[in-house]
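Residue numbers 1 to 74, in our numbering, belong to the letters of the sequence shown in order.
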Amino acid sequence: MSTSNLIISVYKTGISESDLIRLQPALEAFDGIVRWTVDLEDWENILRIESNIAIEIEIIKLLHSLNIECDKLL
1 MSTSNLIISV
11 YKTGISESDL
21 IRLQPALEAF
31 DGIVRWTVDL
41 EDWENILRIE
51 SNIAIEIEII
61 KLLHSLNIEC
71 DKLL
């Protein structure tokens with residue numbers, strides 16, 4: 001797969017280490033996500049998603065449904 005076709009989305013979140021247990025399966029089952037990472041050492045707990053389709057609204061809804069704060073940065 002060519003990386004030039006990927007959409008990169010970055011979110012400021014309230015993800016904690018304990019949230020990853022329930023977030024990981026949801027993100028891995030999400031169609032369109034190629035790769036995702038969470039930087040828990042950043043004060044904004046940055047979630048970075050690489051996808052092959054636009055999924056920004058769905059990601060925000062997903063995190064909010066899990067009671068996790070989420071705002072799109074890029």
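For each residue, glycine too, the CB sits at the ideal point set by N, CA and C. In this text, all values refer to a predicted model and were calculated from it rather than measured experimentally.
Here DSSP, grouped into helix, strand and coil, assigns I21 to helix. Going by C-alpha positions, V34 is about 21 Å away from E17.
At a Cβ-Cβ threshold of 8 Å, V38 and L20 count as neighbours. Cβ atoms of N52 and L6 come within 8 Å of each other, at about 6 Å. Rounded to whole angstroms, the separation of the alpha carbons of L40 and E28 is 18 Å. The beta carbon of I8 lies closer than 6 Å to those of E50 in the same chain, with the five residues before and after it left out.
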